[in-house]
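S.K.:
In full-length UniProt numbering, the protein residues as written are 1 to 98.
#1: Answer with buried or exposed for residue 29, where buried requires no fewer than 16 other C-beta atoms within 10 angstroms of its C-beta.
#2: For residue 92, which residues of its own chain have a beta-carbon under 7 Å away from its beta-carbon, when the five flanking residues on both sides are left out?
#3: Quick check: residue 55 and residue 69, are their CB atoms within less than 8 Å of each other?
#4: Between the C-alpha atoms of residue 47 and residue 12, what's the straight-line distance to the nearest angstrom?
#5: Grouping DSSP H, G and I as helix and E and B as strand, with all else coil, what is residue 27?
#6: If you count every other CB in all the chains shown that lies within 10 Å of the CB of residue 89, and 16 or more means buried, which is it?
#7: Comparing alpha-carbon positions, which option in 52, 1, 7 and 15 lies nearest residue 41?
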(Lines of atoms letter the chains of each structure in order from A; the text may use other names.)
(Lines give C-alpha, C1' and ligand atoms only; values in the text may rest on other atoms or scores of the structure.)
Protein backbone atom coordinates (compact mmCIF):
# COMPACT_ATOMS: atom_id res chain seq x y z
CA UNK A 1 0.00 0.00 0.00
CA UNK A 2 1.12 3.52 -0.80
CA UNK A 3 0.19 6.33 1.62
CA UNK A 4 0.36 9.97 0.55
CA UNK A 5 -0.06 13.09 2.67
CA UNK A 6 -0.43 16.55 1.18
CA UNK A 7 -0.44 19.60 3.50
CA UNK A 8 -1.83 22.33 1.25
CA UNK A 9 -1.75 26.02 2.18
CA UNK A 10 -4.32 27.91 0.14
CA UNK A 11 -4.28 31.45 -1.17
CA UNK A 12 -6.03 33.89 1.16
CA UNK A 13 -9.79 33.56 1.11
CA UNK A 14 -9.85 30.41 -1.04
CA UNK A 15 -11.02 27.87 1.58
CA UNK A 16 -14.63 27.62 0.41
CA UNK A 17 -13.72 27.49 -3.27
CA UNK A 18 -11.05 24.82 -2.65
CA UNK A 19 -13.48 22.71 -0.63
CA UNK A 20 -16.02 23.00 -3.44
CA UNK A 21 -13.50 21.67 -5.98
CA UNK A 22 -12.48 18.80 -3.67
CA UNK A 23 -16.12 17.82 -3.10
CA UNK A 24 -16.70 17.78 -6.85
CA UNK A 25 -13.54 15.75 -7.45
CA UNK A 26 -14.07 13.04 -4.79
CA UNK A 27 -16.82 11.01 -6.54
CA UNK A 28 -15.47 11.59 -10.07
CA UNK A 29 -11.83 10.73 -9.29
CA UNK A 30 -11.02 8.66 -6.20
CA UNK A 31 -14.60 7.45 -5.77
CA UNK A 32 -14.48 5.81 -9.21
CA UNK A 33 -10.95 4.37 -9.02
CA UNK A 34 -10.36 0.74 -8.08
CA UNK A 35 -6.82 1.37 -6.82
CA UNK A 36 -7.69 4.30 -4.56
CA UNK A 37 -8.25 2.72 -1.15
CA UNK A 38 -9.08 5.93 0.72
CA UNK A 39 -9.27 9.63 0.01
CA UNK A 40 -9.74 12.00 2.92
CA UNK A 41 -9.45 15.76 3.03
CA UNK A 42 -9.41 17.63 6.34
CA UNK A 43 -9.78 21.29 7.24
CA UNK A 44 -8.17 22.76 10.34
CA UNK A 45 -10.71 24.96 12.15
CA UNK A 46 -7.84 26.89 13.74
CA UNK A 47 -6.04 27.51 10.46
CA UNK A 48 -8.00 29.15 7.63
CA UNK A 49 -6.97 28.62 4.03
CA UNK A 50 -5.42 25.21 4.59
CA UNK A 51 -6.36 21.62 3.68
CA UNK A 52 -4.74 18.31 4.56
CA UNK A 53 -5.14 15.44 2.10
CA UNK A 54 -4.51 11.88 3.33
CA UNK A 55 -4.74 9.26 0.61
CA UNK A 56 -4.06 5.52 0.32
CA UNK A 57 -3.47 3.64 -2.92
CA UNK A 58 -3.01 -0.03 -3.72
CA UNK A 59 0.38 0.70 -5.29
CA UNK A 60 2.32 3.21 -7.38
CA UNK A 61 0.44 2.20 -10.54
CA UNK A 62 -2.86 3.07 -8.83
CA UNK A 63 -1.49 6.47 -7.80
CA UNK A 64 -0.23 7.10 -11.33
CA UNK A 65 -3.69 6.22 -12.71
CA UNK A 66 -5.27 8.55 -10.14
CA UNK A 67 -3.11 11.54 -11.08
CA UNK A 68 -3.44 10.79 -14.78
CA UNK A 69 -7.23 10.61 -14.77
CA UNK A 70 -9.27 13.21 -16.65
CA UNK A 71 -11.03 14.23 -13.40
CA UNK A 72 -7.68 14.86 -11.67
CA UNK A 73 -6.29 16.79 -14.59
CA UNK A 74 -9.37 19.03 -14.85
CA UNK A 75 -10.19 19.57 -11.18
CA UNK A 76 -6.98 19.15 -9.17
CA UNK A 77 -4.16 19.93 -11.62
CA UNK A 78 -6.45 22.53 -13.20
CA UNK A 79 -8.90 24.42 -10.98
CA UNK A 80 -7.53 23.45 -7.54
CA UNK A 81 -3.92 24.26 -8.51
CA UNK A 82 -4.94 27.88 -9.08
CA UNK A 83 -6.10 28.15 -5.45
CA UNK A 84 -2.98 26.92 -3.64
CA UNK A 85 0.18 28.58 -2.39
CA UNK A 86 2.37 25.50 -2.37
CA UNK A 87 2.15 21.80 -3.20
CA UNK A 88 4.01 19.28 -1.05
CA UNK A 89 3.75 15.51 -1.52
CA UNK A 90 4.91 13.36 1.39
CA UNK A 91 5.09 9.56 1.15
CA UNK A 92 4.45 7.54 4.30
CA UNK A 93 4.75 3.85 5.16
CA UNK A 94 2.04 2.27 7.29
CA UNK A 95 3.19 0.85 10.62
CA UNK A 96 -0.10 0.12 12.39
CA UNK A 97 -3.76 0.21 11.39
CA UNK A 98 -6.85 -0.74 13.36
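Glycine included, every Cβ here is placed at the ideal spot set by N, Cα and C. All values reported here derive from a predicted model rather than from experimental measurement.
M.R.: Quick look at the numbers:
#1: buried
#2: 3 and 5
#3: Annotated as distal: residue 55 and residue 69, with beta-carbon spacing of 8 Å or more.
#4: 11 Å
#5: Three-state result, residue 27: helix.
#6: exposed
#7: 52
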